[in-house]
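A.B. asks: Residue numbers (the UniProt record's numbering): 1 to 506.
#1: For residue 208, which residues does DSSP report across the bridge?
#2: Is residue 173 buried or exposed, if buried means 16 or more other CB atoms sit within 10 Å of its CB?
#3: Can the beta-carbon of residue 235 be found less than 9 Å from the beta-carbon of residue 138?
#4: In whole angstroms, give me the CA-to-CA distance for residue 414 and residue 401.
#5: In terms of alpha-carbon separation, which member of 206, 67, 95 lies closest to residue 24?
#6: Helix, strand or coil for residue 507? Go by DSSP, reduced to three states.
#7: For residue 54, I'd like the list of residues in its chain whose CB is within less than 7 Å of its CB, leaving aside the five on either flank, ordered along the chain.
#8: Could you compute how far the alpha carbon of residue 89 sits from the alpha carbon of residue 126?
#9: Considering only residues of the same chain and omitting the five flanking positions on each side of residue 36, which have a CB-CB separation below 7 Å?
#10: For residue 393, which residues does DSSP report across the bridge?
#11: Can you have a look at residue 318 and say buried or exposed, based on whether 16 or more other CB atoms are within 10 angstroms of its CB?
#12: Can the beta-carbon of residue 333 be found less than 9 Å from the beta-carbon of residue 291?
#13: Between the stretch 452-472 and the stretch 480-498, do three or more beta carbon pairs fall short of 8 Å?
#14: Which one or two residues does DSSP pair with residue 120 in a beta bridge?
#15: Give me the Cβ distance between residue 452 and residue 463, rounded to the nearest whole Å; I'm assuming they're in contact under 8 Å.
#16: What are the start and end residues of the beta strand (DSSP E) that includes residue 294?
#17: Looking at the secondary structure, which residues open and close the alpha helix (DSSP H) in which residue 379 lies?
#18: Excluding the 5 residues flanking residue 377 on each side, which residues of the same chain have their C-beta closer than 7 Å to its C-beta?
#19: Could you tell me the distance, in whole angstroms, from the CA atom of residue 276 to the CA atom of residue 312?
#20: In angstroms with no decimal places, state the Cα-to-Cα distance between residue 219 and residue 241.
#21: Taking just the CA atoms, how far does residue 201 sit from residue 184?
#22: Quickly, what does DSSP pair residue 53 with across the bridge? List them, please.
#23: Can you look up residue 528 in the DSSP assignment and give me helix, strand or coil?
#24: Assuming residue 365 and residue 285 are in contact, meaning their beta carbons sit under 8 Å apart, how far apart are those beta carbons, in whole angstroms?
#25: Applying the criterion that 16 or more other CB atoms from any shown protein chain within 10 Å of the CB defines a buried residue, is residue 212 buried or exposed?
#26: Tell me the DSSP bridge mates of residue 48?
#27: Have a look at residue 27 and residue 496 and give me their C-alpha separation to the nearest angstrom.
#28: Judging by CA-CA distance, which residue of 6, 425, 310, 288 is the nearest neighbour of residue 258?
#29: From the DSSP output, which residues share a beta bridge with residue 328?
#30: Is residue 412 buried or exposed, if buried means 16 or more other CB atoms sit within 10 Å of its CB?
#31: Would you say residue 205 and residue 130 are within 9 Å of each other, going by their C-beta atoms?
#32: Can you check which of these residues, 56, 48, 92, 58, is closest to residue 64 by C-alpha distance?
#33: Which partner residues does residue 334 have in the DSSP bridge list?
#34: Skipping 5 residues on each side, what residues in its chain have a beta carbon closer than 6 Å to that of residue 195?
#35: If you follow the beta strand (DSSP E) that residue 512 is in, where does it begin and where does it stop?
#36: Is residue 430 helix, strand or coil by DSSP?
This is how it looks when you write it as structure tokens:
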């Protein structure tokens with residue numbers, strides 16, 4: 001997990017004496033784990049933390065954005081840093097290796113917190129457990145309420161009872177207490193930025209939780225045990241995003257959008273849809289034409305967080321529905337968004353996410369999502385089998401390979417051979433001249449002798465003689481369009497099957 005200078009300052013201040021903060025006070029969670037600064041380098045990389053001695057720092061540094069120095073001792077050349085980066089100054093005779101380990105332990109603490117939250121999300125998504133796991137981070141009482149103003153979890157109920165007069169003996173506020181809470185808290189369920197407010201003479205930090213435009217609830221941290229820090233806002237926003245995912249996993253608490261996701265998952269898996277989910281899906285039907293996208297990791301070795309990718313896609317495509325399914329991520333999005341967004345833009349996003357995708361044709365009825373899922377899956381499969389270097393594969397671009405693969409139904413091509421084709425195959429097994437290949441090229445060129453002769457580099461009379469033998473072996477008239485179509489499908493499907501087999505044997 002990435003941190004900010006404010007978090008490092010306060011955590012080091014808890015462990016050491018003589019810790020001061022100078023320079024820029026950036027509270028955005030963008031700092032990477034620390035590095036030692038020992039080589040008097042002029043360059044400091046952006047979003048980096050350096051543990052250093054003041055007397056080792058260069059006088060004219062090249063500072064990237066959002067650099068944080070954890071600096072031992074003072075030196076006159078620090079003036080060149082105060083206005084351009086964050087400086088956590090540590091006085092006294094401290095060991096630089098001890099300081100480095102302390103900074104690492106701070107990062108470890110927040111990494112452990114994030115890992116614990118993700119573990120809870122994957123194993124039941126219990127909101128109370130997520131709040132309890134976060135108590136040591138915020139060090140203050142916390143309250144989570146839902147969109148219907150039921151309280152969903154609290155870390156220190158006694159604080160709410162004694163200090164704020166809120167009785168939480170049941171799973172919901174009564175009308176009078178809820179009105180008091182709202183009037184004091186001024187909690188607007190349309191505000192997206194963190195709110196720092198006064199509640200009965202005590203400050204509170206609230207973050208509303210949304211699923212796109214739909215209000216899901218609110219996380220409130222009360223200033224009960226320690227004063228708020230500037231980094232608490234960023235941490236509360238980070239925590240609220242994970243709480244949103246936990247709420248979405250709970251069918252009782254989840255929003256209408258979550259019900260639509262669950263309905264779509266049932267549609268593409270061919271399962272029966274419950275009444276409530278069917279009603280939610282019907283509400284979305286008719287609003288747009290839709291596109292289905294299937295996304296998978298670009299390589300087997302790359303890690304793709306399906307939950308993160310789903311959230312990123314929905315944020316980028318308003319009105320879309322994304323979720324994990326089997327070993328992939330599925331997104332149903334309005335077709336007009338695909339038309340508006342350029343190929344380069346979508347490709348850039350997928351490259352950053354380390355994903356490739358198959359895209360279905362547009363469709364109107366979300367209950368046809370199973371067919372769209374098949375198209376997106378087929379686009380991916382055919383695109384990869386064609387050894388295409390693209391990362392976006394459209395079903396419409398691979399119609400012929402898909403039809404040919406479907407024609408054989410997974411069986412070897414010889415199963416569909418007519419008696420005439422079997423005779424041609426027997427001829428080819430003992431001859432250097434392939435009658436099957438000649439026939440395939442002839443059919444591909446719409447029975448044009450001129451074009452076929454040119455494609456095979458044969459004299460016209462030689463080709464006519466060969467075609468005479470082929471026609472005799474087939475025992476049927478090639479002027480019959482249905483017969484020619486049958487032969488063409490079998491021979492092209494056989495060619496496609498061989499090509500795919502060569503790919504998998506590499």
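Built from N, CA and C at the ideal position, the CB exists for glycine as well.
In this text, all values refer to a predicted model and were calculated from it rather than measured experimentally.
C.D. replies: Taking the coordinates as given:
#1: Counted from its first residue, the chain shown places residue 208 at position 208. Paired residue(s): 218.
#2: As a first step, residue 173 is located in the chain shown; it is residue number 173 there, counting from the start. Any reading at residue 173 must be qualified, since the residue scores a pLDDT of 44, below 50, and its modelled position is unreliable; no value is offered.
#3: Translated into the one-based positions of the chain shown, residue 235 becomes position 235. Translated into the one-based positions of the chain shown, residue 138 becomes position 138. It is a contact, given that the beta carbons lie within the stated cut-off.
#4: Locating residue 414 in the chain shown gives position 414, counting from the first residue. Locating residue 401 in the chain shown gives position 401, counting from the first residue. Cα-Cα distance, rounded: 18 Å.
#5: Within the chain shown, numbered from 1, the residue matching residue 24 stands at position 24. Checking every option, the nearest Cα to that of residue 24 belongs to 67.
#6: The structure shown does not extend to residue 507, since the chain is modelled only from 1 to 506, so the question has no answer here.
#7: As a working mapping, residue 54 is identified with position 54 in the chain shown. Within the same chain, Cβ atoms closer than 7 Å to the Cβ of residue 54 are found at 71, 72, 73, 74, 75, 78, the five residues on either side in sequence being excluded.
#8: If you number the chain shown from 1, residue 89 lands on position 89. If you number the chain shown from 1, residue 126 lands on position 126. Near 40 Å, if we compare the C-alpha coordinates of residue 126 and residue 89.
#9: Reading the chain shown from its first residue, position 36 is the one you call residue 36. So the qualifying residues of the chain are 51, 100.
#10: As a working mapping, residue 393 is identified with position 393 in the chain shown. Answer is 358, bridged to residue 393.
#11: If you number the chain shown from 1, residue 318 lands on position 318. So residue 318 counts as exposed.
#12: As a working mapping, residue 333 is identified with position 333 in the chain shown. As a working mapping, residue 291 is identified with position 291 in the chain shown. At the C-beta level, residue 333 and residue 291 come within 9 Å of one another.
#13: Contact fails: fewer than three Cβ-Cβ distances are below 8 Å.
#14: Sequence index remark: in the chain shown, residue 120 carries index 120 (1-based). DSSP output for residue 120 lists no bridge partner at all.
#15: Taking the chain shown and counting its residues from 1, one reaches residue 452 at position 452. Taking the chain shown and counting its residues from 1, one reaches residue 463 at position 463. Contact flag correct, Cβ pair sits at about 6 Å.
#16: As a working note, residue 294 is residue 294 in the chain shown. Run containing residue 294: 290-297, per the beta strand (DSSP E) assignment.
#17: Your numbering for residue 379 matches position 379 in the chain shown. Element bounds for residue 379: 369-385.
#18: Sequence index remark: in the chain shown, residue 377 carries index 377 (1-based). For residue 377, where only same-chain residues beyond five positions count, the Cβ hits under 7 Å are 294, 358.
#19: Position 276 of the chain shown, counted from the start, is the residue given in the question as residue 276. Position 312 of the chain shown, counted from the start, is the residue given in the question as residue 312. If you take the alpha carbons of residue 276 and residue 312, they lie about 27 Å apart.
#20: Stepping through the chain shown from its first residue, residue 219 is reached at position 219. Stepping through the chain shown from its first residue, residue 241 is reached at position 241. Looking at the two C-alpha atoms, the distance is approximately 10 Å.
#21: Residue 184 sits at position 184 when you count from the first residue of the chain shown. Residue 201 sits at position 201 when you count from the first residue of the chain shown. With a pLDDT of only 48 at residue 184, under 50, the local geometry of the prediction cannot be trusted, and the value read off the model is given with reservation. Going from the Cα of residue 184 to the Cα of residue 201 covers about 10 Å.
#22: As a first step, residue 53 is located in the chain shown; it is residue number 53 there, counting from the start. For residue 53, the beta-bridge partners assigned by DSSP are 72.
#23: The structure shown does not extend to residue 528, since the chain is modelled only from 1 through 506, so no value can be given for it.
#24: Along the chain shown, one-based indexing puts residue 365 at 365. Along the chain shown, one-based indexing puts residue 285 at 285. Indeed, because the Cβ distance is near 6 Å, the residues count as touching under 8 Å.
#25: Position 212 of the chain shown holds residue 212. Counting the other Cβ atoms within 10 Å of the Cβ of residue 212 gives fewer than 16, which makes it exposed.
#26: Translated into the one-based positions of the chain shown, residue 48 becomes position 48. DSSP lists no partner for residue 48.
#27: Numbered from 1 along the chain shown, position 27 holds the residue referred to as residue 27. Numbered from 1 along the chain shown, position 496 holds the residue referred to as residue 496. Answer to the nearest angstrom: the Cα atoms are 57 Å apart.
#28: By 1-based counting over the chain shown, the position of residue 258 is 258. Ranking 6, 425, 310, 288 by Cα distance to residue 258 puts 310 first.
#29: Here residue 328 is taken as the residue at index 328 of the chain shown, counted from 1. For residue 328, which the question treats as bridged, DSSP gives the partners 325.
#30: Within the chain shown, the letter at position 412 stands for residue 412. When all chains shown are included, residue 412 counts as exposed.
#31: Working through the chain shown from its first residue, we reach residue 205 at position 205. Working through the chain shown from its first residue, we reach residue 130 at position 130. Contact flag unset, no.
#32: Counting from 1 along the chain shown, the entry for residue 64 is found at position 64. It is 48.
#33: Locating residue 334 in the chain shown gives position 334, where the first residue counts as 1. Beta-bridge partners assigned by DSSP to residue 334: 290.
#34: In the chain shown, counting from the first residue as 1, residue 195 sits at position 195. Within the same chain, residue 195 has close Cβ partners 206.
#35: Outside the shown range of the chain, which is 1 to 506, sits residue 512, and nothing can be said about it.
#36: If you number the chain shown from 1, residue 430 lands on position 430. Taken through DSSP and simplified to helix, strand or coil, residue 430 comes out as coil.
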